[in-house]
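Engineer: So that we are looking at the same thing, I have put the structure below in structure tokens.
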Amino acid sequence: MKKILWFVICTFLFLMPISALEVEFNSENIIIYNYDINEVVYEKDSDEVISIASMTKIMTALVLIENINDLDTKVVLNQNHFRGVNPSASVAGFRKGQKVTYRDLLHGILLPSGADAVSALAVEVFGSNERLVEKMNERVKGLGLTHTNFINPVGLDDEGHYSTLREVSIFLMEALKNDTFKKIFTTRKYLTSDKSLTLYSTIVAPLDVINKDADYIIGSKTGYTTDAGRCLSTLLYDDEHNIYYLMVTAHAKNKVEPVMDVINTYEYLVGNYSNHTIVKNGDVVKSIKTKYAKEKEVDVVVSDTVEIFLKNSEFDKSKLVFNYEIPEELNKIMKQDSKIGTLTIFYGDEKIKTMDLLLAEDMNFSFGRFIFKTILPLSLLAIICVLIFKKKHS
72 MKKILWFVIC TFLFLMPISA LEVEFNSENI IIYNYDINEV VYEKDSDEVI SIASMTKIMT
132 ALVLIENIND LDTKVVLNQN HFRGVNPSAS VAGFRKGQKV TYRDLLHGIL LPSGADAVSA
192 LAVEVFGSNE RLVEKMNERV KGLGLTHTNF INPVGLDDEG HYSTLREVSI FLMEALKNDT
252 FKKIFTTRKY LTSDKSLTLY STIVAPLDVI NKDADYIIGS KTGYTTDAGR CLSTLLYDDE
312 HNIYYLMVTA HAKNKVEPVM DVINTYEYLV GNYSNHTIVK NGDVVKSIKT KYAKEKEVDV
372 VVSDTVEIFL KNSEFDKSKL VFNYEIPEEL NKIMKQDSKI GTLTIFYGDE KIKTMDLLLA
432 EDMNFSFGRF IFKTILPLSL LAIICVLIFK KKHS
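The numbering used here puts the first residue of the sequence shown at 72, with every later residue one more than the last.
The structure is reproduced here in structure tokens:
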């Protein structure tokens, strides 16, 4: 897999609404985000309350990570660790008597979707699966999610266990803020610390079936139950346009269908959409005359980078409107980065952004210009007044 550099997004990106994507989906429920700005690109029945299967384990892993002090804590697994494992749940393959770390178990949760790993860590960190579920529900309530409720920590179809794809997306984005979660979520293969067990992400098998690597799928969590169908949450990276996407789907019929939905969507977006740069932070957009500075004119720059996410064939520069609010002349000496005014950008009738306009460099006082602009006119006026006065009294 290619190495992805994670960074803080300092760009203002405006997303124009997308009513439809020219993609045939297999999944019944879909939501796609431009991850950089946390805005929905496309959605279909994303607010339907549904079973979410093992996508539950996104929150399971996050809550556990947030309550572990040392990921390299070692534990010898025993029967008590596996007492809460439902026979119908998927397992990672951990064994009684195996000496593992908490880090190993977390990989067992997110890669092969192991209920055995969930149960073991629940016992270690909270004392029971039930206590873990309580903490998971507290966490989603703290995010303001009102259509998510957990009955178990693995995603089985228990009555009262539900969410929506919109809310799954929200708690996945919350989880991705955690560096430990993000590192595990974006891993496809992991060897446990005792070298006895190799864990593979559940995305690997369907990709092998269709003979694709799809390394732009940089993170994933699958799920399956009878009620949820085949589910998939993914983080995608378009390295051509430097755009991250987050896509979550549910209710596909087999394990290949949601992966094909992701692949087809990615290929369509990369081929048809991009972030169109309107201005870049530091761009000179105006020059203003000065009154008392050595510099007769000074440059004004924008304080932000502004981009529009839009279909390439629909982007029309002639629709851009720039409204400046700046003085015609600067009558005082100012420092670099001082606010000079504002710029409001419109695309058609849509307001994109209002930003500060800043001075590009320091202004330097000119005594000569000050004399010429102030003292000299006053002196001339005084002389004229004196001459008029003398003439009247002569």
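Each residue gets a CB set at the ideal place from its N, CA and C atoms; glycine is no exception.
Just the Cα atoms here: how many angstroms apart are Arg210 and Val134?
Structural biologist: Each residue's Cα considered, the two are about 7 Å apart.
Engineer: By DSSP, does Leu227 sit in helix, in strand, or in coil?
Structural biologist: Three-state result, Leu227: coil.
Engineer: Where does Phe96 sit, in a helix, a strand or coil, going by DSSP?
Structural biologist: Looking at Phe96 - three-state DSSP - the assignment turns out to be coil, as it is neither helix nor strand.
Engineer: Which two residues bound the contiguous alpha helix (DSSP H) that contains Ser291?
Structural biologist: Here Ser291 belongs to no alpha helix (DSSP H); instead the beta strand (DSSP E) covers Ile288 to Thr296.
Engineer: Specify, as a first and last residue, the run of the alpha helix (DSSP H) that Phe256 falls within.
Structural biologist: It spans Asp250 to Phe256 - the alpha helix (DSSP H) in which Phe256 sits, taken as one unbroken run.
Engineer: Given a threshold of 16 other Cβ atoms within 10 Å of its Cβ, counted over all protein chains shown, does Pro158 qualify as buried or as exposed?
Structural biologist: Exposed.
Engineer: Mapping DSSP to helix, strand and coil, what is Ser389?
Structural biologist: Reduced to three states, the DSSP call for Ser389 is helix.
Engineer: Ignore the nearest five residues each way along the sequence and tell me which others in Lys357's own chain have a CB closer than 8 Å to its CB.
Structural biologist: Excluding positions up to five away in sequence, the list reads Asp370, Val371, Tyr395, Ile397 and Leu428.
Engineer: Check whether chain D comes within 8 Å of Ile411, counting only Cβ atoms and requiring the distance to be less than that.
Structural biologist: Included in the structure is just one protein chain, with no chain D present.
Engineer: With 16 other CB atoms within 10 Å as the buried threshold, where does Lys128 fall?
Structural biologist: With 16 or more Cβ atoms within 10 Å of its Cβ, Lys128 is classed as buried.
Engineer: Would you tell me roughly how many angstroms separate the C-alpha atoms of Asp229 and Lys422, rounded to the nearest one?
Structural biologist: Their backbone Cα atoms lie some 46 Å apart in a straight line.
Engineer: Please report the straight-line C-alpha distance between Gly164 and Val373, rounded to a whole angstrom.
Structural biologist: Computed Cα separation, rounded: 56 Å.
Engineer: Quick check on the burial criterion: 16 or more other C-beta atoms within 10 angstroms. Buried or exposed for Phe380?
Structural biologist: Burial call: buried.
Engineer: What residues in its chain sit with their C-beta under 7 Å from that of Ser240, if we drop five residues either side in the sequence?
Structural biologist: Same-chain partners within the cutoff: Ile102, Tyr104, Leu317 and Val319.
Engineer: Just mark Lys73 as buried or exposed, buried being the case when its beta carbon has 16 or more other beta carbons within 10 Å.
Structural biologist: Interpretation of Lys73 is limited by its pLDDT of 40, a score under 50 that renders its predicted location unreliable; the figure taken from the coordinates is listed afterwards. Under this definition Lys73 is an exposed residue.
Engineer: Of the residues Asn223, Gly231 and Leu181, which one's Cα is nearest the Cα of Ala246?
Structural biologist: Closest by alpha carbon: Leu181.
Engineer: When the distance is taken between beta carbons, is Arg237 closer than 8 Å to Asp116?
Structural biologist: No.
Engineer: Assign Val341 to one of three DSSP states: helix, strand, or coil.
Structural biologist: The answer is helix: DSSP assigns Val341 an H, G or I state.
Engineer: Please name the residue, chosen from Val156, Ala160, Val225 and Val196, that lies closest to Arg174 on a Cα-to-Cα basis.
Structural biologist: For Arg174, the nearest C-alpha among the options comes from Val196.
Engineer: Let me know the secondary structure DSSP gives Phe436 once reduced to three states.
Structural biologist: Correct three-state label for Phe436: strand.
Engineer: With distances taken Cα to Cα, identify the nearest neighbour of Tyr315 among Glu137, Lys145 and Val111.
Structural biologist: Selected option, being the one with the closest Cα: Val111.
Engineer: For the candidate residues Asp143, Leu307, Asp279 and Thr297, whose alpha-carbon lies nearest to that of Ser291?
Structural biologist: It is Leu307.
Engineer: Quick one: grab the DSSP three-state call for Glu110.
Structural biologist: Reduced to three states, the DSSP call for Glu110 is strand.
Engineer: Assuming the contact rule is C-beta atoms closer than 8 Å, Ser184 and Ser267 should be a hit. Round their C-beta distance to whole Å, please.
Structural biologist: With a Cβ gap of about 19 Å, Ser184 and Ser267 do not count as contacting.
Engineer: Could you spell out where the alpha helix (DSSP H) holding Ala62 opens and where it closes?
Structural biologist: Within the shown structure, residues of the chain are numbered from 72 to 465, placing residue 62 beyond reach of any answer.
Engineer: Is it buried or exposed, Arg438, if we count other Cβ atoms within 10 angstroms and call 16 or more buried?
Structural biologist: The sequence as given places Phe at residue 438; Arg does not occur at that position. The residue is exposed, with fewer than 16 neighbouring Cβ atoms inside 10 Å.
Engineer: Classify Phe436 as buried or exposed, calling it buried when 16 or more other Cβ atoms lie within 10 Å of its own Cβ.
Structural biologist: Per the 10 Å Cβ criterion, exposed.
Engineer: Using a Cβ-Cβ cutoff of less than 7 Å, which residues in the same chain neighbour His347 once the five nearest sequence positions on both sides are dropped?
Structural biologist: These residues qualify, in order along the chain: Glu378, Ile379, Leu381 and Phe386.
Engineer: Quick check on Val424: buried or exposed, where buried means 16 or more other Cβ atoms within 10 Å of its Cβ?
Structural biologist: A small correction: the amino acid at residue 424 is Lys; Val does not occupy that position in the sequence shown. Its Cβ being crowded by 16 or more others within 10 Å, Lys424 is buried.
Engineer: Spatial neighbours of Ile136 within its chain, please: C-beta separation below 7 Å, excluding the five flanking residues on both sides.
Structural biologist: Only Leu177, Asn249, Thr251 and Phe252 meet the Cβ criterion.
Engineer: Thinking just about the alpha-carbon of each residue, which of Gln150, Val330, Tyr363 and Gly155 is nearest to the one in Gln169?
Structural biologist: Measuring from the Cα of Gln169, the nearest candidate turns out to be Gln150.
Engineer: If Ala193 and Ser199 are in contact, beta carbons under 8 Å, what's the gap, nearest whole angstrom?
Structural biologist: Contact flag correct, Cβ pair sits at about 6 Å.
Engineer: To the nearest angstrom, how far is it from the Cα of Asn97 to the Cα of Lys390?
Structural biologist: So the two alpha carbons sit approximately 36 Å from each other.
Engineer: What does DSSP give as the partner residue(s) for Thr321 in the beta ladder?
Structural biologist: Per the sequence shown, residue 321 should be read as Ala rather than Thr. Its beta-bridge partners are Asn100.
Engineer: Where does Thr269 land, buried or exposed, given buried means 16+ other C-beta within 10 angstroms?
Structural biologist: Classification of Thr269: exposed, given that the 10 Å Cβ count is below 16.
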